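Each residue of the sequence shown is one higher than the last, beginning at 1 in the UniProt record's numbering. To start, the structure under review is shown below, and the notes come after it.
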Amino acid sequence: MTENKKYIEFPSEKIIKSQQDDRDYKLITLRNELDVLLIRDKDTDISSASLSVNVGYLNDPDDLPGLAHFCEHLLFMGTKKYPIENEYSEYLSNHGGGSNAYTSSEITNYYFYVDSNHLEGALDRFSQFFISPLFDDSCTERELNAINSENDKNVQVDEWRQEQLKKTLCREGHPLKKFGTGNLETLKVIPESKGINTREELLKFYNKYYSSNIMKLVIYGKESLDELCDMAVKMFSDIKNIHAVPIVFPNDTMTENELGREMYYKPVKDLRNIDLIFPFKDDVQNYLTKPGHYLSHLIGHESEGSIFYHLKEKGWAQALYAGNMNECRNVSFFSITVELTEQGYEHYKDVITIIFQYFEMLKQQGSQKWIFDECKTLDDISFQFKEKSKPVRTVSVLSKEMLFYPKEHIIAGRSLYFEYDKELIEEFTNKLNADNFVLLVSSKYGNEDFKYEEHEWEKEKYYGSEYSIHNIESEFLDKLRNLKLNPALHLPKVNPFVPKDFSVEKIEKEENPYPSIIINDDNLRIWFKRDDIFFVPKLNIFFEIRSPLSKSSPLNYMYTAIYLQLVKEALNKDSYHAEIADTKFNIKLSNEGSININVQGYSDVIGNLLEIIVNYFLDLKLNEEEFINIKDRFIRSLNNFSIENPYKQALYYALYISNESVYSVDEKLGALKQITFDNLKNFIPLLLSQIYIEGLIHGNCNKETAKKLGSIFIDRIKPLPYPESLIKNSIRSLYLEKGFHGIYKTKALNPNNINSSIQYSLQLGDVNNQDIRVKSYIIRQLINEPCFDKLRTKEQLGYIVFSGLFIRARSIELYIIVQSEYEPDYLEFKIEEFLNEFKESIEKLSEEKFEKNKESVITKLLEKPKNLAIQTATFIKSVESKNYDFGRDKRDSEYIKIITKRDICEFFDKLIDTKSPERRKFSIHIISKGKNDDLVKQKEKEIKDILDKNVLIEDVYNFRRSQMFGPSPISYKPIEEYLIN
Numbered sequence: 001m002t003e004n005k006k007y008i009e010f011p012s013e014k015i016i017k018s019q020q021d022d023r024d025y026k027l028i029t030l031r032n033e034l035d036v037l038l039i040r041d042k043d044t045d046i047s048s049a050s051l052s053v054n055v056g057y058l059n060d061p062d063d064l065p066g067l068a069h070f071c072e073h074l075l076f077m078g079t080k081k082y083p084i085e086n087e088y089s090e091y092l093s094n095h096g097g098g099s100n101a102y103t104s105s106e107i108t109n110y111y112f113y114v115d116s117n118h119l120e121g122a123l124d125r126f127s128q129f130f131i132s133p134l135f136d137d138s139c140t141e142r143e144l145n146a147i148n149s150e151n152d153k154n155v156q157v158d159e160w161r162q163e164q165l166k167k168t169l170c171r172e173g174h175p176l177k178k179f180g181t182g183n184l185e186t187l188k189v190i191p192e193s194k195g196i197n198t199r200e201e202l203l204k205f206y207n208k209y210y211s212s213n214i215m216k217l218v219i220y221g222k223e224s225l226d227e228l229c230d231m232a233v234k235m236f237s238d239i240k241n242i243h244a245v246p247i248v249f250p251n252d253t254m255t256e257n258e259l260g261r262e263m264y265y266k267p268v269k270d271l272r273n274i275d276l277i278f279p280f281k282d283d284v285q286n287y288l289t290k291p292g293h294y295l296s297h298l299i300g301h302e303s304e305g306s307i308f309y310h311l312k313e314k315g316w317a318q319a320l321y322a323g324n325m326n327e328c329r330n331v332s333f334f335s336i337t338v339e340l341t342e343q344g345y346e347h348y349k350d351v352i353t354i355i356f357q358y359f360e361m362l363k364q365q366g367s368q369k370w371i372f373d374e375c376k377t378l379d380d381i382s383f384q385f386k387e388k389s390k391p392v393r394t395v396s397v398l399s400k401e402m403l404f405y406p407k408e409h410i411i412a413g414r415s416l417y418f419e420y421d422k423e424l425i426e427e428f429t430n431k432l433n434a435d436n437f438v439l440l441v442s443s444k445y446g447n448e449d450f451k452y453e454e455h456e457w458e459k460e461k462y463y464g465s466e467y468s469i470h471n472i473e474s475e476f477l478d479k480l481r482n483l484k485l486n487p488a489l490h491l492p493k494v495n496p497f498v499p500k501d502f503s504v505e506k507i508e509k510e511e512n513p514y515p516s517i518i519i520n521d522d523n524l525r526i527w528f529k530r531d532d533i534f535f536v537p538k539l540n541i542f543f544e545i546r547s548p549l550s551k552s553s554p555l556n557y558m559y560t561a562i563y564l565q566l567v568k569e570a571l572n573k574d575s576y577h578a579e580i581a582d583t584k585f586n587i588k589l590s591n592e593g594s595i596n597i598n599v600q601g602y603s604d605v606i607g608n609l610l611e612i613i614v615n616y617f618l619d620l621k622l623n624e625e626e627f628i629n630i631k632d633r634f635i636r637s638l639n640n641f642s643i644e645n646p647y648k649q650a651l652y653y654a655l656y657i658s659n660e661s662v663y664s665v666d667e668k669l670g671a672l673k674q675i676t677f678d679n680l681k682n683f684i685p686l687l688l689s690q691i692y693i694e695g696l697i698h699g700n701c702n703k704e705t706a707k708k709l710g711s712i713f714i715d716r717i718k719p720l721p722y723p724e725s726l727i728k729n730s731i732r733s734l735y736l737e738k739g740f741h742g743i744y745k746t747k748a749l750n751p752n753n754i755n756s757s758i759q760y761s762l763q764l765g766d767v768n769n770q771d772i773r774v775k776s777y778i779i780r781q782l783i784n785e786p787c788f789d790k791l792r793t794k795e796q797l798g799y800i801v802f803s804g805l806f807i808r809a810r811s812i813e814l815y816i817i818v819q820s821e822y823e824p825d826y827l828e829f830k831i832e833e834f835l836n837e838f839k840e841s842i843e844k845l846s847e848e849k850f851e852k853n854k855e856s857v858i859t860k861l862l863e864k865p866k867n868l869a870i871q872t873a874t875f876i877k878s879v880e881s882k883n884y885d886f887g888r889d890k891r892d893s894e895y896i897k898i899i900t901k902r903d904i905c906e907f908f909d910k911l912i913d914t915k916s917p918e919r920r921k922f923s924i925h926i927i928s929k930g931k932n933d934d935l936v937k938q939k940e941k942e943i944k945d946i947l948d949k950n951v952l953i954e955d956v957y958n959f960r961r962s963q964m965f966g967p968s969p970i971s972y973k974p975i976e977e978y979l980i981n
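Laid out in structure tokens, this is it:
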């Protein structure tokens with residue numbers, strides 16, 4: 001490149017993209033060797049950018065685990081051009097945006113989104129991360145605490161513990177054994193004891209690895225490609241190029257010494273899982289054929305003849321997952337995880353035997369071109385009709401993909417099969433053998449083969465996980481080497497759900513942009529909207545089935561839950577083909593007791609799947625053994641609730657207190673003890689005998705087809721008429737009296753979790769009141785960034801700090817959630833202290849900044865749906881809420897324009913101010929060990945004064961019974977006005 005040339009351009013016509021993709025692309029390389037992908041979307045109202053650096057925690061110095069992650073945190077804390085540490089986040093927040101980042105094994109990925117009119121300002125601030133970060137001393141200590149708090153939230157989470165244990169199984173000295181998150185011990189205490197200055201090492205790390213030639217940038221905006229190109233050249237050409245060379249890590253993660261071992265792990269939750277882990281080659285290097293994908297397609301299949309189907313028939317498995325997980329360039333593990341039943345755990349070696357019998361079948365059958373071609377066809381269809389995702393998701397994924405795929409395949413490389421390579425697929429298949437795996441067994445209890453009390457246990461260094469490791473018995477390995485074929489295991493049949501008709505009639509945009517009612521009778525109401533925006537051959541169907549029986553008691557609620565799970569399990573062998581062909585369903589029992597069914601996929605085949613779902617609903621063949629296994633799964637899942645992170649428990653208790661129709665974990669567990677198989681058989685016909693269905697059909701079909709699809713359940717079930725009084729009897733939420741201040745305190749049930757949590761909630765009023773609703777939106781916008789900056793960044797209360805609004809039936813509620821080592825009483829004090837400061841900050845806020853925040857709210861309200869599924873979800877939200885106010889956001893965006901700063905100050909003074917006699921507040925305190933340092937002791941009097949203002953809620957159940965519940969939601973306009981002929 002000559003000195004005067006600012007960039008080199010790659011021919012854009014060579015970049016493979018979907019036929020559905022109407023965006024323009026330009027790929028350039030700047031003078032500093034930074035590759036930049038520019039995406040022009042003329043219709044976007046949200047712009048975005050992401051930069052990936054080819055460096056991650058595998059690059060950490062051996063004596064500073066977590067340094068790459070620490071670097072990621074500190075880059076947000078100010079630059080020479082923008083030294084105020086929250087300048088970047090405040091700019092984004094003021095313009096309808098946000099940001100985040102993550103550090104993985106060999107990638108650090110940064111990304112943001114913002115209102116499309118403010119991309120240039122956001123890019124300027126973002127680019128400075130990589131040109132002149134401050135790494136200020138004043139932030140170092142605080143961000144070390146943030147890293148430590150982030151790690152604390154993971155310590156009692158089995159997924160994090162298992163991932164680190166899998167690293168333990170790798171050979172000594174391999175970089176993959178590293179601890180990526182870091183904590184105070186690894187980044188402060190131990191380094192200081194060795195005379196290592198973490199900040200100085202951080203600067204060395206940044207200067208060594210943050211080089212433009214191993215970075216990839218994606219910019220997404222509405223501007224022309226030339227304008228986007230000018231921004232990239234102007235703002236990112238000054239990133240230093242030190243010609244860094246990405247490290248290719250060795251493939252020998254496990255040698256003969258590590259393979260053939262079995263690790264038992266005592267999980268935090270009540271799990272019964274086995275993981276078979278096979279060292280593999282990196283699938284990305286073989287992306288043209290994707291042998292790992294080919295194998296995971298077959299091994300993870302769930303139709304007749306598959307491993308999972310056979311294990312389920314035996315009553316040994318509840319779920320199976322298989323896939324080739326790329327750990328880093330050149331290294332991957334093919335993992336098979338089986339969630340076992342109690343009986344399956346006792347037969348875990350038989351389960352492994354069946355898995356290896358399937359491998360033997362694959363080897364004898366050899367690579368099958370028809371299977372490759374079917375996978376290729378399905379992925380071709382999925383890619384060609386792939387809809388836009390949110391811009392921030394698009395840029396984050398693509399900046400990562402640019403590190404691994406050739407330029408012409410940066411969009412398509414991950415998605416498509418390109419060429420069939422029989423030998424390569426069989427080479428990968430042959431790696432699935434008894435000499436090339438390790439086994440991880442996760443269970444709280446031993447079994448006949450491995451009695452826990454007879455073995456020595458070790459503690460993993462970073463998470464404290466208890467594990468015992470030894471060699472797998474040689475006799476068992478010999479058995480796996482010499483298996484005969486199992487006749488129950490065979491390749492799947494040809495997929496009957498591959499769509500063939502992709503025709504879409506591009507109709508003119510309809511005058512009414514919202515759904516209308518096409519059926520409205522005693523048992524059925526169907527909303528319909530033909531797609532007139534996206535024109536994809538897809539259809540989304542939603543049904544909400546209400547039965548007075550399902551929510552009448554905890555017992556009936558759990559009978560309904562078990563019935564639905566049995567339906568899903570029975571459907572699996574037929575529906576799995578549909579799922580891998582991108583036509584999917586989900587059946588869920590809502591907290592309020594309604595049966596929600598979502599079906600989405602290609603309009604050509606979706607009716608077939610819906611027909612199958614109805615058949616299983618009505619003609620379910622009950623199996624007692626499966627009933628016992630599902631009941632056991634529910635019991636273990638509910639018992640595992642006590643192990644959840646404290647902030648999740650706080651969210652649950654707030655929901656339970658606020659919602660009249662929600663049953664508690666204890667109520668559900670009590671009900672499960674009473675449930676019997678015979679009573680379930682009697683319950684199902686009663687459940688379906690009197691139902692009301694409300695549904696929505698949206699996408700590529702006409703009204704007549706929608707009517708047929710919408711009537712399919714009712715036509716088959718033929719239920720009794722549903723009383724109108726029950727139709728209108730909808731959910732209600734807690735309505736606190738003015739001046740109420742209450743706290744519900746409960747102990748965290750996991751003694752090993754050092755964190756406590758608080759959910760601090762303020763009821764603001766009736767969501768149907770536009771004035772209250774709109775002012776609440778503005779408060780949410782104004783409070784979000786200062787809340788995070790004060791309580792997390794500056795006060796360092798904990799890693800998990802967030803605020804927002806809940807809409808519960810008719811009630812709108814402002815909340816602040818913190819998870820922290822500090823006791824909740826102190827967190828309550830700090831939140832009230834923050835609210836007092838926040839009140840002053842609103843009063844001092846300039847009119848210009850206030851107007852910017854209003855614009856940010858308007859941007860979010862008017863953000864266009866990026867695809868059919870997102871638009872369907874917004875319609876479903878209005879149907880589920882029972883207000884049917886599809887045009888609310890549009891009206892609210894107009895109403896916001898007349899709201900003044902004085903209006904917001906008065907709203908705050910009345911409903912949020914800590915001294916207001918009218919505000920209605922309740923808190924949930926989940927109490928753990930509690931950090932009681934000098935900061936807490938200094939504030940004991942202030943804390944006591946706050947607590948004295950509050951009523952202590954001793955019994956949640958009795959408290960709910962003693963309180964008033966507000967009115968049910970009502971339709972925005974009379975139902976008759978939504979009807980069309």
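Note that beta-carbon positions come from the ideal geometry of N, C-alpha and C, so glycine has one too. Remember, it's a predicted structure, so these values are computed and weren't measured experimentally.
For residue i, report the span of its alpha helix (DSSP H) as first-last.
{"i": "residue 120", "result": "119-127"}
{"i": "residue 236", "result": "225-236"}
{"i": "residue 771", "result": "770-787"}
{"i": "residue 558", "result": "554-580"}
{"i": "residue 617", "result": "606-618"}
{"i": "residue 94", "result": "87-94"}
Where does residue i fall in DSSP's three states?
{"i": "residue 101", "result": "strand"}
{"i": "residue 391", "result": "helix"}
{"i": "residue 316", "result": "coil"}
{"i": "residue 263", "result": "strand"}
{"i": "residue 325", "result": "strand"}
{"i": "residue 309", "result": "helix"}
{"i": "residue 796", "result": "coil"}
{"i": "residue 527", "result": "strand"}
{"i": "residue 955", "result": "coil"}
Please go through the same chain and pick out, in chain order, the residues whose beta-carbon is closer than 6 Å to the beta-carbon of residue i, but skip the five residues on each side of it.
{"i": "residue 924", "result": "650, 653, 654, 744, 759"}
Evaluate residue i with the Cβ neighbour count: other Cβ atoms within 10 Å of its Cβ, from every protein chain shown; 16 or more gives buried, anything less gives exposed.
{"i": "residue 938", "result": "exposed"}
{"i": "residue 616", "result": "buried"}
{"i": "residue 99", "result": "buried"}
{"i": "residue 195", "result": "exposed"}
Could you tell me the boundaries of the beta strand (DSSP E) in which residue i lies?
{"i": "residue 596", "result": "595-602"}
{"i": "residue 35", "result": "35-40"}
{"i": "residue 646", "result": "Looking at the DSSP string, residue 646 is not in any beta strand (DSSP E); the run it does join, the alpha helix (DSSP H), is 646-658."}
{"i": "residue 759", "result": "756-766"}
Tell me which same chain residues have a C-beta within less than 8 Å of the C-beta of residue i, skipping the five on either side of it?
{"i": "residue 285", "result": "329, 330"}
Self-check item: contact_flag[the region 363-382, the region 275-295] where n(CB pairs < 8 Å) is 3 or more
Solution: Counting Cβ pairs under 8 Å, three or more are found: they touch.
Exercise. Mind the definition here: the region 577-597 touches the region 552-564 only if three or more C-beta pairs lie below 8 Å; say whether that holds.
Key: The region 577-597 vs the region 552-564: in contact.
Quiz item: With contact counted as at least three CB pairs below 8 Å, one residue from each stretch, are the region 390-404 and the region 49-65 in contact?
Solution: These segments touch.
Quiz prompt | Three CB pairs or more closer than 8 Å across the region 803-818 and the region 761-768 | solution = The region 803-818 vs the region 761-768: in contact.
Quiz item: Is there contact between the region 92-112 and the region 59-79, where contact requires at least three CB pairs shorter than 8 Å?
Solution: With a cut-off of 8 Å on Cβ pairs, the region 92-112 is in contact with the region 59-79, counting three or more such pairs.
Practice problem: Decide yes or no for the touch test of the region 686-695 against the region 542-553: beta carbon pairs closer than 8 Å, at least 3 of them. | Solution: Enough Cβ pairs lie closer than 8 Å, so yes.
Quiz prompt | the region 721-729 contacting the region 630-645, beta-carbon criterion three pairs below 8 Å | solution = Segments in contact, no.
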